[in-house]
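Residue numbers (the UniProt record's numbering): 1 to 328.
Down below is the structure, laid out as structure tokens.
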């Protein structure tokens with residue numbers, strides 16, 4: 001087991017300034033529960049997305065799991081170790097990449113940073129050079145390894161950041177918004193590489209991202225946290241296809257048609273073109289198609305799932321449970 005978390009809780013005491021001039025001299029405090037009773041198991045070699053809205057408790061949870069913060073309550077085991085008490089030992093077996101924070105020296109070339117990081121991890125010089133050569137090949141970073149980091153594009157820098165996090169061959173890789181600011185080509189290359197190291201080296205991936213493409217194309221499992229509580233834990237495919245029992249139908253018809261079917265909502269109508277949202281538990285797609293064909297000619301039809309970002313938005317808003325039912 002890569003990560004085991006039981007009944008994890010973390011509360012912060014926040015200072016609040018009062019109103020008016022008196023507020024400068026007297027401040028009250030209140031408690032904010034950042035993480036509330038979270039339990040989670042992550043198997044070796046798993047690809048997991050850990051997502052939630054801003055302020056949901058994602059960063060706090062990562063800091064607890066990696067040993068940066070100490071929990072108020074609960075138990076954490078990472079690779080069989082207590083991340084707080086055995087933080088130094090654990091650091092040699094995990095890697096981290098934070099999209100907005102760098103572990104590379106800004107004015108030095110990445111090659112120097114990688115060598116320094118290898119030395120920090122206690123690696124022998126020849127092992128560091130061999131590892132740099134290997135990472136240069138798979139990440140395609142050789143051509144700019146000797147340019148100062150400040151002159152690299154964001155995509156180039158992120159690839160070098162990942163090389164730095166992998167220099168010591170970690171068993172778990174924590175990725176916090178790794179694709180932020182990258183263009184489409186750079187994102188695609190990054191996603192392919194993450195899947196590759198997971199497949200070939202069995203590296204466990206713990207990913208946080210607001211990019212739905214990262215979630216869909218990298219991860220097999222999704223854990224959603226909101227207001228410090230775990231609200232979803234399941235397969236990525238379940239999140240998209242089972243949680244919301246809806247389909248979107250696009251039809252090109254000979255004439256405009258009025259739709260009067262239960263569970264069917266007209267999203268868009270223009271010059272014979274229809275876009276419908278169909279609640280499958282109420283009306284089947286084939287019944288909708290038959291209804292329209294009885295009233296006009298149908299020249300084209302397409303059926304797609306509800307976009308994942310809409311599914312996630314429903315969960316964030318608290319309108320849907322893991323069983324797929326809506327709540328007030």
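Virtual Cβ for every residue (Gly too), placed ideally from N, Cα, C.
Values in this document were obtained by computation on a predicted structure and should not be read as measured data.
### Query
How about residue 256 and residue 271: are their beta carbons less than 9 Å apart?
Result yes, Cβ atoms of residue 256 and residue 271 sit closer than 9 Å.
#### Entry: Among 4, 273, 8, 66, the one whose alpha carbon lies nearest that of residue 86
The shortest C-alpha to C-alpha distance from residue 86 to any of 4, 273, 8, 66 is the one to 66.
### Where residue 125 falls, given that 16 or more other Cβ within 10 Å makes a residue buried
The residue is exposed, with fewer than 16 neighbouring Cβ atoms inside 10 Å.
### Task
Could you tell me which uninterrupted beta strand (DSSP E) segments, each at least 3 residues in length, are contained entirely in the stretch 196-253, listed from first to last along the chain?
Counting whole runs of 3 or more residues, the stretch 196-253 contains the beta strand (DSSP E) stretches 204-208, 221-226, 229-235, 246-253.
### Of the listed residues 190, 32, 202, nearest to residue 215 (C-alpha basis)
The shortest C-alpha separation from residue 215 is found at 190.
### Query
DSSP state of residue 92, grouped into three classes?
Three-state result, residue 92: coil.
#### Entry: residue 115 versus residue 52 - alpha carbon distance
Spanning the alpha carbons of residue 115 and residue 52 requires a straight line of approximately 35 Å.
### Task
Could you tell me which residues DSSP pairs with residue 273 in its beta bridges?
As DSSP reads the structure, residue 273 sits in a beta bridge with 252, 270.
### Query
Going by DSSP, what residues sit across from residue 28 in a beta bridge?
In the DSSP output, where bridge partners are listed per residue, residue 28 has 16.
#### Entry: Beta-ladder partner(s) of residue 176, from DSSP
Residue 176 is bridged to 98, 208.
### Query
Can you tell which of 12, 281, 109 has the C-alpha that lies nearest to the C-alpha of residue 29?
Of the listed residues, the one whose Cα sits closest to residue 29 is 12.
### Message
Just to confirm, is the Cβ distance from residue 144 to residue 95 under 9 Å?
### Response
No, the Cβ-Cβ distance between residue 144 and residue 95 is not below 9 Å.
### Message
Quick check on residue 183: does DSSP put it in helix, strand or coil?
### Response
The answer is coil: DSSP assigns residue 183 none of H, G, I, E or B.
### Message
Can you look up residue 3 in the DSSP assignment and give me helix, strand or coil?
### Response
Strand.
### Query
Quick one: what does DSSP say residue 299 is sitting in, helix, strand or coil?
Residue 299: strand per DSSP, three-state reduction.
### Message
Let me check understanding here. Comparing Cα to Cα, which of 198, 281, 9, 253 lies closest to residue 292?
### Response
Of the residues 198, 281, 9, 253, the one whose Cα lies closest to the Cα of residue 292 is 253.
### Query
How long is the line joining the alpha carbons of residue 265 and residue 63, rounded to whole angstroms?
Residue 265 and residue 63: Cα-Cα distance of roughly 44 Å.
### Query
Which same chain residues, not among the five before or five after residue 286, have their C-beta less than 7 Å away from its C-beta?
Short of 7 Å from the beta carbon of residue 286, and not among the five residues preceding or following it, lies no beta carbon of its own chain.
#### Entry: Coil, strand or helix - residue 317 by DSSP
Reduced to three states, the DSSP call for residue 317 is coil.
#### Entry: 9 Å Cβ cutoff met for residue 224 and residue 316
Taking 9 Å as the Cβ cut-off, residue 224 and residue 316 qualify as a contacting pair.
### Message
What does the alpha-carbon distance come out to for the pair residue 280 and residue 246?
### Response
In a straight line, the C-alpha of residue 280 is about 6 Å away from that of residue 246.
### Endpoints, the beta strand (DSSP E) within which residue 49 is located
Membership of residue 49 in the beta strand (DSSP E) is indicated by the continuous run 47-51.
### Message
For residue 141, report the span of its alpha helix (DSSP H) as first-last.
### Response
No alpha helix (DSSP H) contains residue 141, which DSSP labels as neither H nor E.
### Message
At 4 residues or longer, what runs of the alpha helix (DSSP H) sit wholly inside the stretch 115-159?
### Response
Qualifying alpha helix (DSSP H) stretches, in chain order: 125-139.
### Query
According to DSSP, is residue 294 helix, strand or coil?
Residue state, collapsed to three classes: coil.
### Query
Do you know offhand how far residue 313's Cα is from residue 167's?
Distance between the alpha carbons of residue 313 and residue 167: 37 Å.
### Query
What residue from 307, 8, 132 has the CA that sits closest to residue 213's CA?
The closest CA to that of residue 213, considering only 307, 8, 132, is found on 307.
### Message
For residue 211, tell me which candidate among 203, 180, 202 has the shortest Cα-Cα distance.
### Response
Here the closest residue by C-alpha is 180.
### Query
From residue 10 to residue 56, what does the alpha carbon distance come to, in whole angstroms?
CA-to-CA, the gap between residue 10 and residue 56 works out to about 12 Å.
#### Entry: Closest Cα partner of residue 90 within the set 7, 81, 97
Nearest option by C-alpha distance: 81.
### Message
I'd like the list of long-range same chain contacts for residue 44, defined as Cβ closer than 8 Å, with 5 residues on each side in sequence excluded.
### Response
Taking C-beta separations shorter than 8 Å and ignoring five residues to either side along the sequence, the partners of residue 44 in its chain run 1, 2, 171, 202, 204, following chain order.
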